[in-house]
DNA sequence: ATTGAACCCTGTTTGC
DNA sequence: TGCAAACAGGGTTCAA
Ligand SMILES: [Zn+2]
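Residue numbers (my numbering): 11 to 312.
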């Protein structure tokens, strides 16, 4: 799933490849019309065709392609959107939903298995991006900033970290990674964390994101729906994750088996030993309370 | 203000 | 064994 490191990796690649290039044609495949926001695909393509790419920015999980007419082409990959930079004659890519030909003989291909991704062309990119929190890899992000923005919420810290208005760019994977590194249980109410917790969490967030960036992103799950970079190659961070997707596997720190619970409807993997449950842990949905009665049958031969 | 459900879509898993 | 139904997945938006 594209989160901050996955979007940033693609931004850096595109910055190297397409700045100064002109969009010479634009095509949105039938059935993918929802990709385009605000206007029809035809109008979208009309606005895009002929424009040159002036630069690439990122804010949270949004990719911003600055155009030479002072407008911004804003892209959100959501769950399965990928941007590929291919020679115009390259073999087709599965789930291609839109194609943007460039003046260098290459094309940008938008692939998106689920069609959840969205694009806008706007005068001011901030308009389409809801009030986003600080950038976790910028100097503005400090333990104190984290405490002030997250520490008033009574919701589980996991849910608060996923709130893009608290902090921009964290998704389910990097949230689990950060909480594990910080040894904080995902269900801990954010307003009950102490300063020392926020110090560790701050460091854990940065470490997890940097690890993802160094590996060119995480590509978990089945191949088709994974994040890939502009050349179609997956990231390598799935080899480095310490929590996400590791349910039932031993914790790298203590060896206890990693558990998975639902927090705010999202699956969360954590170590029950390293990440101590809050005093009043919410009843885990995955653990129906069993009466003592089954003891009578526990040893029954099968 | 805060929380939870709905929604977007399709590959995968589960159940009959 | 086949097929159909349920589910998972994450971010955002809407509703309560
Ligand atoms: Zn552990």
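Just so you know, even glycine gets a beta-carbon here, dropped at the ideal spot from N, CA and C.
Neighbour-count burial assignment, residue i, 16 or more Cβ in a 10 Å radius
i: residue 113; result: exposed
i: residue 66; result: buried
i: residue 158; result: exposed
i: residue 79; result: exposed
i: residue 6; result: Given that the chain is displayed from residue 11 to residue 312, the structure contains no residue 6 and the question cannot be resolved.
i: residue 92; result: buried
i: residue 266; result: exposed
i: residue 229; result: buried
i: residue 168; result: buried
i: residue 108; result: buried
i: residue 272; result: exposed
i: residue 134; result: exposed
i: residue 249; result: exposed
i: residue 40; result: exposed
i: residue 6; result: With the chain covering 11 to 312 only, the question about residue 6 has no answer from this structure.
Three-way DSSP call (helix, strand, coil) for residue i in this model
i: residue 68; result: strand
i: residue 221; result: helix
i: residue 300; result: Low per-residue confidence applies at residue 300: pLDDT is 33, beneath 50, and the placement is therefore not dependable enough to give any value.
i: residue 39; result: coil
i: residue 207; result: helix
i: residue 86; result: strand
i: residue 126; result: coil
i: residue 187; result: helix
i: residue 241; result: coil
i: residue 151; result: coil
i: residue 8; result: Nothing about residue 8 can be read from this structure; the chain reaches only from 11 to 312.
i: residue 251; result: coil
i: residue 62; result: strand
i: residue 177; result: coil
i: residue 197; result: coil
i: residue 51; result: helix
i: residue 26; result: helix
i: residue 267; result: strand
i: residue 273; result: strand
i: residue 13; result: coil
i: residue 142; result: coil
i: residue 81; result: coil
i: residue 286; result: coil
i: residue 230; result: coil
i: residue 256; result: coil
i: residue 202; result: helix
i: residue 163; result: coil
Residue interval of the beta strand (DSSP E) (run including residue i)
i: residue 93; result: 91–97
i: residue 107; result: 106–112
i: residue 279; result: 276–280
Residue i CB to nearest heavy atom of ligand 2 below 7 Å
i: residue 144; result: Ligand 2 is absent from the structure shown, which contains only ligand 1.
Opening and closing residue of the alpha helix (DSSP H) in which residue i lies
i: residue 170; result: 167–172
**Message:** Does the contact criterion of 3 or more C-beta pairs under 8 Å hold for the region 177–191 versus the region 249–262?
**Reply:** Under the Cβ criterion (8 Å, minimum of three pairs), the region 177–191 counts as touching the region 249–262.
**Prompt:** Hey, is the region 126–140 in contact with the region 75–90, meaning 3+ C-beta pairs nearer than 8 Å?
**Reply:** Segments in contact, yes.
**Message:** Give me the pocket residues for ligand 1, defined as CB within less than 6 Å of any heavy atom, sorted by chain position.
**Reply:** Every residue passing the under-6 Å Cβ criterion appears here: 261, 263, 264, 266, 281, 283, 284.
**Asked** Just checking, does the region 14–31 make contact with the region 50–59 on the three C-beta pairs under 8 Å criterion?
**Response** For the pair of segments examined, the region 14–31 was found not to touch the region 50–59: the number of CB pairs separated by less than 8 Å stays below three.
**Message:** Does the contact criterion of 3 or more C-beta pairs under 8 Å hold for the region 94–101 versus the region 201–216?
**Reply:** Touching, no.
**Item:** Sufficient close CB pairs (3 or more, under 8 Å) joining the region 36–48 to the region 126–135
**Value:** Because the criterion of three Cβ pairs below 8 Å is met, the region 36–48 and the region 126–135 touch.
**Request:** Check whether the region 256–270 touches the region 235–246, taking contact to mean three or more Cβ pairs, one atom from each stretch, closer than 8 Å.
**Result:** Touching, no, given that fewer than three Cβ pairs across the two stretches are closer than 8 Å.
**Cβ contact check for the region 147–156 and the region 192–199: 3 or more pairs under 8 Å** = As far as the Cβ criterion goes, the region 147–156 does not touch the region 192–199, which means the pair count is below three.
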